[in-house]
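In what follows, a single structure is set out as structure tokens and then discussed.
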Amino acid sequence: MDGPRFIVSTTDIAEILCLSPRRIQQLANEEKLPRIKDNSTGQVIEGRWSIPDCVNAYVRMKVASAKDGNEDALDKETKQEKLRRIKADADLREDLRDRERAKLFHQEDVMEVLSDCMAGIKGKILALPARLTLTLVGQEDAAVINELLTTAVVELLNTIREHSRGLPITGPA
């Protein structure tokens with residue numbers, strides 16, 4: 688058996704030979720690619736492949752098929768396999784692109800939403816003094832005034848926070 692550095696997985700040998708892992712299994716089942724066997728038991732070690740043995744067998748197979756005139760059938764299979772891989776990769780990229788597109792918004796839409804949000808916040812802030820004026824008139828205790836102002840500001844901030852969760856900001860409260 689070859690040294691451990693020349694033993695690779697099915698995925699790795701497929702990449703080396705520019706085939707799919709499924710095609711590697713098919714070629715092995717057709718006894719066109721050699722399988723690694725355990726020296727003590729003689730049983731096949733699944734999913735492990737010798738790079739030199741597989742590359743040599745694959746090259747011999749390609750050369751033999753070219754000499755026999757079967758190159759068209761083998762090339763057709765190889766081309767179909769590569770086409771399947773390319774289509775699968777393209778489908779994956781398209782899915783990722785579609786997912787990313789779903790997260791993107793047009794600038795005009797974003798600006799309109801931000802403008803509406805800012806207008807709502809501005810209205811609430813501008814309404815705060817008018818809302819508190821009658822409540823604060825006549826108050827002499829600084830602690831009470833501080834409590835009333837703090838409560839009003841916290842309510843305003845909570846309203847803004849609710850808006851950031853998707854709830855609309857309405858006019859002055």
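Sequence positions in the sequence shown follow the working numbering and run 688 to 860.
Even glycine gets a Cβ: it sits at the ideal position worked out from N, Cα and C.
Annotated three-state conformation of ARG722 is coil, per DSSP. Counting C-beta atoms within 10 angstroms of its own C-beta, SER737 has 16 or more neighbours from the protein chains shown and is therefore classed as buried. Nearest neighbour of ARG818 by Cα position, chosen from ASP828, LEU836, ASP803, turns out to be LEU836.
For SER737, the enclosing beta strand (DSSP E) starts and ends at 735 to 737.
By DSSP's assignment, VAL695 forms a beta bridge with TRP736. Residue pairing by DSSP places VAL731 opposite LYS724 in a beta bridge. Apart from sequence neighbours up to five positions away, the residues of its chain that approach LEU823 with a beta-carbon distance below 7 Å are ILE832, LEU835, ordered along the chain.
With the rule of 3 Cβ pairs closer than 8 Å, the stretch 778 to 794 does not count as touching the stretch 716 to 736. Of all alpha-carbon atoms in GLY729, LEU801, ASN726, ILE711, the one lying nearest the alpha-carbon of ILE847 is that of LEU801. In this structure, GLU764 sits away from SER707, with a CB-CB distance that is not shorter than 7 Å. LEU714: member of the alpha helix (DSSP H) spanning 708 to 716, first to last residue. Using a 10 angstroms sphere on the CB of ILE700, the tally of other CB atoms reaches 16 or more, which defines it as buried. At a Cβ-Cβ threshold of 7 Å, LEU844 and LYS811 do not count as neighbours. In this structure LEU704 is buried. Its beta-carbon is surrounded by 16 or more other beta-carbon atoms within 10 angstroms. The three-state secondary structure of GLU787, taken from DSSP, is helix. When only Cα atoms are considered, GLY807 and GLN826 end up about 29 Å apart. The Cβ-Cβ distance between LEU770 and ALA744 does not fall below 7 Å. If you draw a 10 Å sphere on the C-beta of ARG710, you find 16 or more other C-beta atoms in it, and that means buried.
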